[in-house]
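Sequential numbering of the sequence shown, starting at 61, is according to this note's numbering.
Beneath this line is the structure, given in structure tokens, with notes to follow.
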Amino acid sequence: MSLVGAALMGLSALGYITGVVSPLWLMIGTGAGLYIGYMPFGAMLFERMIAATKTIATAGFMIYVADASGYLGTVTLLVYKNFFAADVPWLTVFLTGAFVTSGVCVVFFLLAMGYFRTKLVPTVLETKVAKPAA
Numbered sequence: 061m062s063l064v065g066a067a068l069m070g071l072s073a074l075g076y077i078t079g080v081v082s083p084l085w086l087m088i089g090t091g092a093g094l095y096i097g098y099m100p101f102g103a104m105l106f107e108r109m110i111a112a113t114k115t116i117a118t119a120g121f122m123i124y125v126a127d128a129s130g131y132l133g134t135v136t137l138l139v140y141k142n143f144f145a146a147d148v149p150w151l152t153v154f155l156t157g158a159f160v161t162s163g164v165c166v167v168f169f170l171l172a173m174g175y176f177r178t179k180l181v182p183t184v185l186e187t188k189v190a191k192p193a194a
């Protein structure tokens with residue numbers, strides 16, 4: 061689901077640049093893409109990641125770190141735009157951010173999927189194979 065959200069964000073920006081998507085649908089698509097990409101982590105994926113790694117933890121801390129990263133990114137973007145790129149239009153910054161975020165998220169989601177497949181497949185096989193009685 062997160063992969064779909066990241067793709068929706070990038071495709072919305074691409075659609076706007078090519079003229080297929082109106083500004084309203086650009087905002088709806090990028091907002092929905094971010095929401096679809098982020099919400100599964102807070103709802104269930106953080107809990108499953110903790111279970112997969114057999115770490116004693118709670119999802120609350122991971123949700124806090126994800127939120128704090130988002131706030132830090134927002135502040136960094138505002139500082140950079142206002143002090144180092146004041147002449148760049150906000151639309152350019154927004155579209156560039158949408159493309160970069162979409163691309164980075166797709167890559168990291170695929171890497172995470174590969175990692176957890178290798179991490180979980182042996183565990184699933186171990187639980188399905190009947191062990192001989194000793």
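For glycine and all other residues, C-beta sits at the position ideal for the given N, C-alpha and C.
- With respect to the 8 angstroms criterion, residue 76 and residue 86 are classified as neighbours on the basis of their beta carbons.
- Taking the C-beta atoms as reference points, residue 102 is found no nearer than 8 angstroms to residue 72.
- In the three-state DSSP reduction, residue 162 falls in the helix class (H, G or I).
- Put simply, the backbone Cα of residue 147 is about 37 angstroms away from that of residue 100.
- Closest option to residue 88, judged by alpha-carbon separation, among 134, 69 and 159: 69.
- Counting along the chain, the unbroken alpha helix (DSSP H) around residue 88 starts and ends at 83-100.
- For residue 78, the enclosing alpha helix (DSSP H) starts and ends at 62-78.
- Looking only at 177, 107, 127 and 155, the smallest Cα-Cα distance to residue 81 is reached by 155.
- Around the Cβ of residue 178, a 10 Å sphere holds fewer than 16 other Cβ atoms; the residue is exposed.
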